[in-house]
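**Q**
2 protein chains.
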Amino acid sequence: MQIDFSDCSVPGCGDPDAAIGVFDSGVGGLTVLQELRRLLPQENLIYLGDTARVPYGTKSAETVQKYACEAAAFLVGKRVKMVVVACNTASSVALDLLREQLPVPVIGVIEPGASGAIRVSRSGIVGVIGTEGTVASDAYPQALRALNPEVQVYSAPCPLFVPLAEEGWAQHQIAALAAQEYLAPLLAASIDTLVLGCTHYPLLKPTLKQLLPTKVELVDSAWETAQMVWQILQAGGMLNRTSSGEWQFFVTDVPRRFVRVGGAFLGADLAAVERVRLASASV
Amino acid sequence: MQIDFSDCSVPGCGDPDAAIGVFDSGVGGLTVLQELRRLLPQENLIYLGDTARVPYGTKSAETVQKYACEAAAFLVGKRVKMVVVACNTASSVALDLLREQLPVPVIGVIEPGASGAIRVSRSGIVGVIGTEGTVASDAYPQALRALNPEVQVYSAPCPLFVPLAEEGWAQHQIAALAAQEYLAPLLAASIDTLVLGCTHYPLLKPTLKQLLPTKVELVDSAWETAQMVWQILQAGGMLNRTSSGEWQFFVTDVPRRFVRVGGAFLGADLAAVERVRLASASV
Chain A
1 MQIDFSDCSV PGCGDPDAAI GVFDSGVGGL TVLQELRRLL PQENLIYLGD TARVPYGTKS
61 AETVQKYACE AAAFLVGKRV KMVVVACNTA SSVALDLLRE QLPVPVIGVI EPGASGAIRV
121 SRSGIVGVIG TEGTVASDAY PQALRALNPE VQVYSAPCPL FVPLAEEGWA QHQIAALAAQ
181 EYLAPLLAAS IDTLVLGCTH YPLLKPTLKQ LLPTKVELVD SAWETAQMVW QILQAGGMLN
241 RTSSGEWQFF VTDVPRRFVR VGGAFLGADL AAVERVRLAS ASV
Chain B
284 MQIDFSDCSV PGCGDPDAAI GVFDSGVGGL TVLQELRRLL PQENLIYLGD TARVPYGTKS
344 AETVQKYACE AAAFLVGKRV KMVVVACNTA SSVALDLLRE QLPVPVIGVI EPGASGAIRV
404 SRSGIVGVIG TEGTVASDAY PQALRALNPE VQVYSAPCPL FVPLAEEGWA QHQIAALAAQ
464 EYLAPLLAAS IDTLVLGCTH YPLLKPTLKQ LLPTKVELVD SAWETAQMVW QILQAGGMLN
524 RTSSGEWQFF VTDVPRRFVR VGGAFLGADL AAVERVRLAS ASV
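Residue numbers (the working numbering), protein chains in the order written: chain A, 1 to 283; chain B, 284 to 566.
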């Protein structure tokens with residue numbers, strides 16, 4: 001797979017004032033954006049939601065790789081200094097490909113989530129929930145075992161959690177029942193840590209906390225990712241110290257639904273959202 | 284929007300032995316295919332699921348129109364004698380466009396569903412459930428009022444029904460709870476007829492029947508559409524009387540998930556499914 005960078009001969013790499021680029025298939029990545037905003041209020045942020053092709057979680061690795069390359073190329077064209085893949089599915093299957101090809105650092109949500117889980121787990125028995133694509137990719141178990149070869153990982157896809165979050169039913173009895181179904185095998189395995197391996201899932205935290213024994217710690221990849229972005233920028237002397245933090249939003253379908261659903265995810269109004277077309281990546 | 288028919292200079296129009304082309308965003312349209320198969324076992328059927336971009340129901344009219352044109356152009360390239368838009372969202376927003384441009388008859392699922400509802404309703408108070416896109420398009424109320432200007436229509440989007448059906452939870456307690464939420468305003472309006480305005484919803488029939496008062500009739504657009512296809516082919520002398528009925532399946536993402544989930548929708552194994560790329564329609 002090749003990305004066409006002909007439009008971006010001068011990427012923002014090396015310029016602390018350049019924006020951080022963030023992409024997701026839709027609104028989910030806004031939970032990552034929110035954590036970045038909290039932790040790094042001076043950074044300029046450019047967010048792209050590929051809403052014409054959302055979701056990625058039920059699609060094949062090959063198709064998600066193509067979409068992720070197209071999204072990342074758009075952000076590099078905006079001269080960002082870093083690309084954050086704020087989507088677990090895309091992070092699971094496309095991170096290596098993006099790192100090979102992009103002229104700026106690429107941060108996914110899997111490694112930060114795995115790192116957080118290894119840090120908090122006492123028993124070394126970790127549960128991971130995510131989309132079908134994320135779970136099928138085996139990316140979390142691999143990342144966890146890279147950090148601790150002894151770790152035991154139990155994964156469960158939770159396909160209903162995304163539509164429940166988008167419907168505004170994350171704390172409805174229906175969400176509790178679905179969570180009960182999905183988590184039963186993980187609880188039977190005595191996990192003491194649960195990784196929220198999908199950017200939509202932080203909205204289900206209250207429901208999950210009610211269901212889980214108090215000993216089970218929730219690891220929120222969005223929060224962990226923001227920490228890692230901060231560390232990497234700081235280590236490279238790339239923190240923005242002059243800006244008041246602007247954000248820009250782009251989507252690939254008409255913005256109406258993104259504005260409506262995304263507002264709830266971000267806890268803020270999404271005023272100016274622009275529709276764009278992505279150039280096609282050759283596969 | 285323009286469709287490129289340069290690859291299909293000799294469409295199947297006029298040839299009774301040509302196949303019927305059927306498309307949907309994913310597996311949902313297989314409920315329509317199944318009804319066609321039951322009613323017209325001698326017809327050859329070509330099915331296209333646009334699984335790289337599924338679902339259509341949450342996307343804008345403009346984006347769905349583009350996708351529908353690309354799907355229809357693929358089928359016409361296969362020299363079909365008729366195109367069945369086995370997707371309520373695409374039928375809602377793209378049917379006129381397709382009819383203007385395609386060289387073969389185009390049948391959607393809205394008009395047959397509306398016609399069925401007008402036939403069975405005694406009170407003239409009709410409920411319609413569908414995706415966000417279908418409900419927002421106002422296509423069912425318009426089609427119903429065209430047949431009976433006095434009809435009262437109450438619509439409700441049911442976004443959770445599609446993932447519930449695909450999860451195999453169409454008859455789970457969660458589906459019953461979701462149905463209760465969604466149908467409450469329709470029941471309060473005393474509907475006596477409920478149109479299943481999404482090709483996934485026939486899988487929820489048992490759950491809906493348990494919830495609805497016995498006086499409420501369910502109208503299944505898939506079944507109604509098959510009836511209409513039969514009538515139109517018969518009227519035009521276009522029924523296939525020589526074939527034993529072959530079917531072919533094409534998808535735009537890798538077939539694995541389509542084969543797994545689609546098998547349950549069709550009640551049969553999906554053996555040979557081929558992945559294809561659709562040519563881009565200019566907008």
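Ideal Cβ placement from N, Cα and C applies to all residues, glycine included. The model shown is predicted, which means the values in this text are computed figures rather than measured ones.
How is the alpha helix (DSSP H) around T225 (chain B) delimited, first residue to last?
**A** What the structure shows of chain B is the stretch from 284 to 566, and residue 225 (chain B) is not part of that stretch, so it cannot be assessed.
**Q** How long is the line joining the alpha carbons of L196 (chain A) and A61 (chain A), rounded to whole angstroms?
**A** 20 Å
**Q** Report the option in B:L385, B:E383, B:P386, B:I412 whose CA atom is closest to the CA atom of A397 (chain B).
**A** B:I412
**Q** Restricting to Cα atoms, I'd like to know which of A:G28, A:P105, A:V219, A:I174 is closest to G263 (chain A).
**A** A:G28
**Q** Is L561 (chain B) helix, strand or coil when you go by DSSP?
**A** coil
**Q** So does the region 86 to 98 of chain A actually touch the region 154 to 166 of chain A, counting three or more Cβ pairs closer than 8 Å?
**A** no
**Q** Return the CA-CA distance between P11 (chain A) and N44 (chain A), expressed in angstroms with no decimal places.
**A** Legend: pLDDT at P11 (chain A) = 49, less than 50; position of this residue unreliable, no value from coordinates given.
**Q** Between S123 (chain A) and the rest of its own chain, which residues show a CB-CB distance below 6 Å, the 5 nearest in sequence each way excluded?
**A** D192
**Q** Excluding the 5 residues flanking T51 (chain A) on each side, which residues of the same chain have their C-beta closer than 6 Å to its C-beta?
**A** Annotation for T51 (chain A): G26, V251, T252, D253, F258 place their beta carbon closer than 6 Å to its own, counting only its chain and skipping 5 residues before and after.
**Q** CB-CB under 6 Å to W223 (chain A), same chain, minus the five flanking residues each way: which ones, in chain order?
**A** Closer than 6 Å at Cβ, skipping near neighbours: E35.
**Q** By the criterion of Cβ-Cβ separation under 9 Å, what are the contact partners of L177 (chain A) in chain C?
**A** Here the protein chains are A and B, and chain C is not one of them.
**Q** Which residue from A:D17, A:A72, A:S190 puts its Cα closest to that of E217 (chain A)?
**A** Comparing Cα-Cα distances from E217 (chain A) to each of A:D17, A:A72, A:S190, the minimum goes to A:S190.
**Q** Quick check on G28 (chain A): does DSSP put it in helix, strand or coil?
**A** coil
**Q** With distances taken between CB atoms, is the gap from I110 (chain A) to N88 (chain A) smaller than 8 Å?
**A** Cβ atoms of I110 (chain A) and N88 (chain A): closer than 8 Å.
**Q** Which chain B residues are close to R145 (chain A), counting only those with a beta carbon under 9 Å from its beta carbon?
**A** Against R145 (chain A), chain B offers no close residue; the least beta-carbon distance is about 25 Å (beta-carbon pairs closer than 9 Å).
**Q** What are the residues in the region 320 to 335 of chain B lying within 8 Å of chain A by C-beta distance?
**A** T334, A335
**Q** So, at 7 Å on beta carbons, what are the nonlocal neighbours of Y56 (chain A) in its own chain, with the 5 sequence-adjacent residues on each side left out?
**A** S25, V64, Y67, C87, T89, A90, G133
**Q** What do you get for S155 (chain A), buried or exposed, if any count of 16 or more other CB atoms within 10 angstroms of its CB means buried?
**A** buried
**Q** Compare the Cα-Cα distances from Q171 (chain A) to each of A:R277, A:T214, A:Q210 and report the closest residue.
**A** A:Q210
**Q** Who pairs with L477 (chain B) in a beta bridge, going by DSSP?
**A** B:G410, B:L501
**Q** Out of curiosity, what's the CA-to-CA distance linking V273 (chain A) and K364 (chain B)?
**A** 43 Å
**Q** Three-state secondary structure (DSSP) at A143 (chain A)?
**A** helix
**Q** Quick one: residues in its chain with C-beta nearer than 6 Å to the C-beta of L381 (chain B), no 5 flanking neighbours on either side, listed in chain order?
**A** A355, V389
**Q** What whole-angstrom Cβ distance do A400 (chain B) and V409 (chain B) have, given they're in contact under 8 Å?
**A** 5 Å
**Q** Taking 6 Å as the limit between beta carbons, can you name the residues of its chain near S292 (chain B), skipping five residues before and five after?
**A** Confidence at S292 (chain B) is low in this model, with a pLDDT of 42, below 50, so its placement is unreliable and the value that follows should be read with caution. Excluding residues up to 5 positions away in sequence, nothing lies with its Cβ nearer than 6 Å to the Cβ of S292 (chain B) in the same chain.
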